[in-house]
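If you count by the working numbering, then the sequence shown holds residues 27 to 796, one letter each, in order.
Inspection log for the structure reproduced underneath, given as structure tokens.
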Amino acid sequence: MSQEVTHTFRARHRLAAAPLLGILLVALIVRGIMWVALPRQGLISDEGEYLSAAWWLAQGRGFAWHQGYLWTRAPLYPLFVAAHLRLFGDGLAAIAGTQTALSLLNILLIHVLARRITPPALHIAPYLAAFFAALYLPFAIYSQLLLSETLYMSLLPGGVLALTASSPTRRHQLAADMLAGVLLGLATLTRSQTLFVLPLIAGWLAFARRDHHGPALRSAATFTIAAALTIAPWTIYNSRTYGGLVPVDTSGAFNLLLGAQTAHDGARRDASTRDFVLAMFPERGTTPPARTCLPHPGPQPDQAARQTAMIREGICLIADRPLAFASKSLAELIDFFQINYTGAERFTSGFSTGRLPIWFVVATFLLDDTLYVLSLPLAVLGWALVRHHSSAASDLRSLIGIWLAFNVLLAPLLFAINRFRVPLLPFVFILAAIAVDALIRHRSDLAAALRTRHGISYAGLAVALTLTAATPHAYLEPRASGSDSRWASYLGPYPSSLAITGIAITARPLALNDARFLAALQSGDLARAESILRAGSVGRDTSRLGPALIAARRGQYRDALALLPSPDTMAATGDVYGSVVRGDLLRSLGDDSGARAAFTPYYVDSANPVQWAWDWLHPAPSRSIDLGGNLDLGYIAGCYLGEGDAAERTTYRWCTSGAMLRFPGAGRTHPQRIVFTVDGRGWPADLQPTPPVHVLVGGDTIGAITPDRSGPRAFELPLPATSEGADVVIELRGASFVPDAARYLSQQSEHVTGQVQRLMVRLDRVEIIP
Numbered sequence: 027m028s029q030e031v032t033h034t035f036r037a038r039h040r041l042a043a044a045p046l047l048g049i050l051l052v053a054l055i056v057r058g059i060m061w062v063a064l065p066r067q068g069l070i071s072d073e074g075e076y077l078s079a080a081w082w083l084a085q086g087r088g089f090a091w092h093q094g095y096l097w098t099r100a101p102l103y104p105l106f107v108a109a110h111l112r113l114f115g116d117g118l119a120a121i122a123g124t125q126t127a128l129s130l131l132n133i134l135l136i137h138v139l140a141r142r143i144t145p146p147a148l149h150i151a152p153y154l155a156a157f158f159a160a161l162y163l164p165f166a167i168y169s170q171l172l173l174s175e176t177l178y179m180s181l182l183p184g185g186v187l188a189l190t191a192s193s194p195t196r197r198h199q200l201a202a203d204m205l206a207g208v209l210l211g212l213a214t215l216t217r218s219q220t221l222f223v224l225p226l227i228a229g230w231l232a233f234a235r236r237d238h239h240g241p242a243l244r245s246a247a248t249f250t251i252a253a254a255l256t257i258a259p260w261t262i263y264n265s266r267t268y269g270g271l272v273p274v275d276t277s278g279a280f281n282l283l284l285g286a287q288t289a290h291d292g293a294r295r296d297a298s299t300r301d302f303v304l305a306m307f308p309e310r311g312t313t314p315p316a317r318t319c320l321p322h323p324g325p326q327p328d329q330a331a332r333q334t335a336m337i338r339e340g341i342c343l344i345a346d347r348p349l350a351f352a353s354k355s356l357a358e359l360i361d362f363f364q365i366n367y368t369g370a371e372r373f374t375s376g377f378s379t380g381r382l383p384i385w386f387v388v389a390t391f392l393l394d395d396t397l398y399v400l401s402l403p404l405a406v407l408g409w410a411l412v413r414h415h416s417s418a419a420s421d422l423r424s425l426i427g428i429w430l431a432f433n434v435l436l437a438p439l440l441f442a443i444n445r446f447r448v449p450l451l452p453f454v455f456i457l458a459a460i461a462v463d464a465l466i467r468h469r470s471d472l473a474a475a476l477r478t479r480h481g482i483s484y485a486g487l488a489v490a491l492t493l494t495a496a497t498p499h500a501y502l503e504p505r506a507s508g509s510d511s512r513w514a515s516y517l518g519p520y521p522s523s524l525a526i527t528g529i530a531i532t533a534r535p536l537a538l539n540d541a542r543f544l545a546a547l548q549s550g551d552l553a554r555a556e557s558i559l560r561a562g563s564v565g566r567d568t569s570r571l572g573p574a575l576i577a578a579r580r581g582q583y584r585d586a587l588a589l590l591p592s593p594d595t596m597a598a599t600g601d602v603y604g605s606v607v608r609g610d611l612l613r614s615l616g617d618d619s620g621a622r623a624a625f626t627p628y629y630v631d632s633a634n635p636v637q638w639a640w641d642w643l644h645p646a647p648s649r650s651i652d653l654g655g656n657l658d659l660g661y662i663a664g665c666y667l668g669e670g671d672a673a674e675r676t677t678y679r680w681c682t683s684g685a686m687l688r689f690p691g692a693g694r695t696h697p698q699r700i701v702f703t704v705d706g707r708g709w710p711a712d713l714q715p716t717p718p719v720h721v722l723v724g725g726d727t728i729g730a731i732t733p734d735r736s737g738p739r740a741f742e743l744p745l746p747a748t749s750e751g752a753d754v755v756i757e758l759r760g761a762s763f764v765p766d767a768a769r770y771l772s773q774q775s776e777h778v779t780g781q782v783q784r785l786m787v788r789l790d791r792v793e794i795i796p
């Protein structure tokens, strides 16, 4: 009989596990698609900062990178990334792989949490909660990003599970409390705002355990001590490194100042807040903002002092205009629940150009925005149902309530972005799943819950959240013809999610035809390129620059110039690509001074359109490249903004591994020589020895050069024979380093801001000689 019972138990266990395994498989497929097909254009948000700090850690330089940055960071995620870089090298695939595993773990934790809080009759709800998390697109996307969300969302549910564990003895209960303290301490070392919720959790423990094993205060004390011991070593390190008390990081002080300044001035101006902080760095020489609430403190010796100054200025601004801050916070509260379609973490910028694949646009609308908008009111109904069933894990219910309320109240005090609501969504999906299960199979239970004393309040809150997030009323907004809607979020006129989805799908053929035009142009099939232009379904830049590019390929440079907008129009509109094409045409005509004038306006320089010029231009034949000399666009790829040495009257560009140099028409049927003038002085002194740079032609290595740290030096290598007049393309490969925060902050425009520079070699000049 006992064997039959065991067999039956195992069969039921397998039957219960099968749906969960299927859900995890779906989650893995969604994350796998994001791994290979996420429409990235570079690093976004805080990715560049995390990666830079992690590289310094991986190279044994500690947390020194943040010494020169606007704020300091919690340490756990940079350490997580650094460990992968140390073990697996430059590639980021290992990080994405680990985070994908953590994302799957998070789905399991959501399932277990849902089982604990769900009323027994609603046994489908835990699977639904896991399914929602598996499908939710941001969870899949974050597993591929260098952001802390995935790691954080693995620690947070684990801590909540430990706090609500049902332990048979006092010893087991204290062990669970200790584990919860460690996990939530680690969560605090991942995202510092968790520090402020720890006292609330300790208070909750003291209250929730008053009828459990032993004194309630013992549980609260055990949790608090475990969390404090987890955080304290980092706090001590901070105090020694940054010159004063910094419990976790100083990013909260910066966000406080930014939020206060936004409220005080009535507009968000990040540059003013940045200048306030940068002016406190003695070596930066940044001019502080003209208007401050308190006198600007001037240069400060360390990050702790800068933290104090930011907090004092933020509090002063709030005290000066408290009603403005309250009004701003209310507006941020509404924004917190609404959809910001072009938020950086959504990878939807450039939707009107057709850049986004249709499958990604549809997935964003359905698996991000629609799932989110539906889950909000359903979560309120789920909360009503759980509260109605007093037997359904009241401790866990109250703890989730504390977490939800804390985040909803905290975010508007700073500013609301898509990322700030992500830690709420595991619990939102759990509650929404409970409501869906009840609507499908137990509608009478849900109706009974809504007929209670608080039922009307829950129904009202569900309606309010629906209107806030879905905004069907935006269609009724009074506005001028052609103007953007200020009310729209999910529904409504532009910029609603629905409206932008339609625009992005309609625009997709434009980007595909742009790619076909570029391919025809690069292959020299000018008839095909003209045919694509005549059809008319191309993007704006291709439409206005395409005729000039075709004429240039035919050698009709003056005719091509006449097809471009005037220089005054380009200057007035900041036309980067038009100016680059004009510069290339003038260079081809031998007008070097005119070409320099076209290549060097601020708006061109700050965009550093090196890759665009490499892809789109067919520059004049040349046997030498003066890097950074204002005539190198089109001849180089993989190099950063030019820089000069005024004393030596020399220009340079730093290039990264994989950089390319193109010498049109320089090929000869006999061997030649190639000469590199390289300045090795930029390599950090603590990174020894200077690694070699390998030079490749056609994928074959022709030699290596090792920059001299004492100054510029010329290196000569043999260049193999090729067909007469062929283009000679050189590839450079080697080890690289990440520069300090000052260089990261010096990036000048939205085209390059936040992109990590991986510096390999500093080139002055490269030329081919007989």
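For glycine and all other residues, C-beta sits at the position ideal for the given N, C-alpha and C.
Only a predicted model underlies this, so the values are computations on that prediction, with no experimental measurement involved.
Inset, instruction - State the start and end residues of the unbroken beta strand (DSSP E) segment that holds G729. - result: First-last of the beta strand (DSSP E) with G729: D726 to I731.
Inset, instruction - Starting from the C-beta of G270, find all residues in its chain whose C-beta is less than 6 angstroms away, skip the five residues before and the five after it, and write them out in chain order. - result: Here G270 has A330 as same chain residues with Cβ atoms under 6 angstroms from its own Cβ, once five neighbours each way along the sequence are excluded.
Legend entry - Identified DSSP bridge partners for H720: Per DSSP, A730 and R759.
Inset, instruction - May I have a chain-ordered list of the beta strand (DSSP E) segments no shorter than 3 residues that lie completely inside the region 482-556? - result: List check, beta strand (DSSP E) in window: nothing returned.
Inset, instruction - Mind listing, in chain order, the continuous alpha helix (DSSP H) runs of no fewer than 4 residues lying wholly within the region 363-435? - result: DSSP assignment within the region 363-435 yields the following whole alpha helix (DSSP H) runs of 4 residues or more, N-terminal first: 384-389 and 397-414.
Legend entry - Helix, strand or coil at C665 [DSSP, three-state]: C665: strand per DSSP, three-state reduction.
Legend entry - I482, buried or exposed, once every other Cβ within 10 Å from all chains shown has been counted against 16: With fewer than 16 Cβ atoms within 10 Å of its Cβ, I482 is classed as exposed.
Legend entry - Whole-angstrom C-beta distance between L440 and N281, which should lie under 8 angstroms: Confirmed, about 4 angstroms.
Inset, instruction - Would you kindly work out how many angstroms separate the C-alpha atoms of G185 and L538, rounded to a whole number? - result: Cα-Cα distance, rounded: 47 angstroms.
Legend entry - Closest by C-alpha distance to V602, when choosing among H414, V636, L552 and V138: Per the Cα distances, V636.
Inset, instruction - On the DSSP bridge assignment, give the partners of L687 in chain order. - result: According to DSSP, L687 bridges with I662 and I756.
Legend entry - Own chain residues within Cβ distance below 8 angstroms of V564, not counting five before or after: Within the same chain, L536, N539, D540, F543, I558 and G572 come within 8 angstroms of V564 by CB-CB distance, once the 5 residues on both sides are set aside.
Inset, instruction - Kindly indicate which three-state DSSP category L743 falls into: helix, strand or coil? - result: In the structure shown, L743 adopts extended strand secondary structure according to DSSP, grouped into three states.
Inset, instruction - For V274, count neighbouring Cβ atoms within 10 angstroms of its own Cβ and tell me buried if that reaches 16, exposed if not. - result: It is buried - the Cβ of V274 has at least 16 other Cβ atoms within 10 Å.
Legend entry - Segment contact, 8 angstroms Cβ cut-off, at least three pairs: the region 215-225 with the region 175-184: Yes, the region 215-225 is in contact with the region 175-184.
Inset, instruction - Compute the Euclidean distance between the alpha carbons of W513 and S522, then round it to the nearest angstrom. - result: When rounded, the distance between both Cα atoms is 9 angstroms.
Legend entry - C-beta atoms of R338 and L320 nearer than 8 angstroms: Result yes, Cβ atoms of R338 and L320 sit closer than 8 angstroms.
Inset, instruction - Would you tell me roughly how many angstroms separate the C-alpha atoms of S736 and R707, rounded to the nearest one? - result: In this structure, the alpha-carbon of S736 lies about 6 angstroms from that of R707.
Legend entry - Close Cβ partners of L9 (< 8 angstroms) along its chain, the five nearest in sequence each way excluded: The question about residue 9 has no answer here: the residues shown for the chain are numbered 27 through 796.
Legend entry - Start-to-end residues for the alpha helix (DSSP H) that takes in T214: It spans R196 to T214 - the alpha helix (DSSP H) in which T214 sits, taken as one unbroken run.
Legend entry - Where the beta strand (DSSP E) through V454 begins and ends: Taken as a continuous stretch (DSSP letters only), V454 belongs to no beta strand (DSSP E), being part of the alpha helix (DSSP H) at L451 to R467.
Legend entry - Segment contact, 8 angstroms Cβ cut-off, at least three pairs: the region 446-465 with the region 382-393: Touching, no.
Inset, instruction - Compare the Cα-Cα distances from V208 to each of T250, A232 and A234 and report the closest residue. - result: The candidate whose alpha carbon is nearest that of V208 is T250.
Legend entry - Sub-8 angstroms separation of V606 and L590 beta-carbons: Not a contact, by the Cβ cut-off of 8 angstroms.
Legend entry - 8 angstroms Cβ cutoff met for R788 and W640: No, these two residues do not count as a Cβ contact at 8 angstroms.
Inset, instruction - Would you check if the distance between the CB atom of G74 and the CB atom of Q698 is smaller than 8 angstroms? - result: No, the pair does not count as a contact, with Cβ atoms beyond the cut-off.
Legend entry - Residues sharing a beta bridge with V62, DSSP: For V62, no pairing in a beta bridge is given by DSSP.
Legend entry - Contacting residues, own chain, Cβ-Cβ under 7 angstroms from R554 (five flanking each side not counted): If we look at R554 and ignore the five residues flanking it on each side, its Cβ neighbours are A546.
Inset, instruction - List the residues that DSSP assigns as beta-bridge partners of P738. - result: D705, per the DSSP bridge assignment.
Inset, instruction - Using three-state DSSP, classify C681 as helix, strand or coil. - result: Reduced to three states, the DSSP call for C681 is strand.
Inset, instruction - Determine the closest residue to L200 out of A474, A140 and S245, with distance taken between C-alpha atoms. - result: For L200, the closest C-alpha among the options A474, A140 and S245 is that of S245.
Inset, instruction - Could you tell me which residues DSSP pairs with Q698 in its beta bridges? - result: In DSSP, Q698 forms a bridge with L745.
Inset, instruction - Any chance you could list the alpha helix (DSSP H) runs of at least 4 consecutive residues sitting entirely within the region 595-631, in chain order? - result: The region 595-631 contains these whole alpha helix (DSSP H) runs: 602-614 and 618-625.
Inset, instruction - Could you tell me whether the region 476-494 touches the region 347-366, using the rule of 3 or more Cβ pairs below 8 angstroms? - result: Verdict: yes, contact present.
Inset, instruction - Give the straight-line distance between the Cα atoms of A202 and E371, rounded to the nearest whole angstrom. - result: For the pair A202 and E371, the Cα-to-Cα distance works out to about 35 angstroms.
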